[in-house]
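In this note's numbering, the protein residues as written are 157 to 342. For each residue, glycine too, the CB sits at the ideal point set by N, CA and C. Reviewing the structure listed below.
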Ligand SMILES: [Zn+2]
Ligand SMILES: [Zn+2]
């Protein structure tokens with residue numbers, strides 16, 4: 157009996173256990189792969205989604221990924237935000253989804269051909285897309301989640317408020333970031 161138990165135990169150790177471990181390991185791998193795959197393909201319920209909303213909550217949107225976060229010091233942005241500068245996240249148009257409030261978004265033409273979107277209920281600035289850009293510009297203050305990026309640069313520092321000093325080491329552009337100026341209308 158002792159002999160057979162010892163053999164059985166040895167068999168178990170040599171064959172059964174690794175086999176079980178292999179099967180379990182493969183099943184776990186398959187589970188992880190399917191989970192990852194589901195996440196990567198559809199992304200509807202993932203925690204990776206970045207959500208945002210206006211002050212009244214009427215305008216709600218979600219973002220898959222933020223391209224960059226910038227601070228604009230131009231006088232239009234300063235007046236619009238009422239702050240020293242306005243911060244925006246820039247998102248590829250196909251990674252932005254408006255969930256509600258399309259009927260609440262009004263446009264103000266701040267310069268010929270340049271429109272500023274805002275909520276007609278609470279007056280929050282709203283996401284907007286310039287015709288010449290492939291990205292949507294979203295006031296960063298609307299975000300309810302961490303965008304996962306940090307400020308990248310300052311633009312229009314030539315129009316900066318005299319009472320504000322830029323103390324971080326980020327790149328500063330007097331006007332447009334080269335290559336991002338509006339194309340002249342033909
Ligand atoms: Zn609102
Ligand atoms: Zn600006």
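C-beta neighbour in chain D for residue i, strict 8 Å
| i | result |
| --- | --- |
| residue 222 | Checking the listed chains, one finds no chain D in this structure; it contains a single protein chain. |
Separation of residue j from residue i, as counted between CA atoms
| i | j | result |
| --- | --- | --- |
| residue 231 | residue 322 | 16 Å |
| residue 244 | residue 291 | 11 Å |
| residue 333 | residue 339 | 13 Å |
| residue 319 | residue 325 | 18 Å |
| residue 217 | residue 327 | 30 Å |
| residue 299 | residue 205 | 11 Å |
| residue 330 | residue 296 | 21 Å |
| residue 272 | residue 221 | 23 Å |
| residue 269 | residue 304 | 32 Å |
| residue 214 | residue 228 | 26 Å |
| residue 254 | residue 275 | 13 Å |
| residue 219 | residue 246 | 10 Å |
| residue 315 | residue 237 | 15 Å |
| residue 223 | residue 239 | 23 Å |
Assigned secondary structure, residue i (DSSP; H/G/I helix, E/B strand, else coil)
| i | result |
| --- | --- |
| residue 343 | No answer is possible for residue 343: it lies beyond the span of the chain, which begins at 157 and ends at 342. |
| residue 306 | coil |
| residue 291 | strand |
| residue 299 | strand |
| residue 335 | coil |
| residue 284 | strand |
Buried versus exposed, by CB contacts within 10 Å (16 or more), residue i
| i | result |
| --- | --- |
| residue 264 | exposed |
| residue 249 | exposed |
| residue 183 | Per-residue confidence for residue 183 stands at a pLDDT of 48, beneath the threshold of 50, marking its modelled position as unreliable; the derived number appears in the next sentence. Exposed, by the Cβ-count rule. |
| residue 235 | exposed |
| residue 293 | buried |
| residue 257 | buried |
| residue 242 | buried |
Legend entry - Any beta strand (DSSP E) of 3 or more consecutive residues that is wholly inside the segment 200 to 281: 206 to 209, 216 to 219, 224 to 228, 242 to 248, 252 to 256, 261 to 267, 270 to 275
Legend entry - Three or more C-beta pairs below 8 Å linking the segment 305 to 323 and the segment 254 to 261: No, they do not touch.
Legend entry - Touching by the beta-carbon criterion (3+ pairs, under 8 Å), the segment 282 to 301 and the segment 206 to 214: Output reads yes: the segment 206 to 214 touches the segment 282 to 301.
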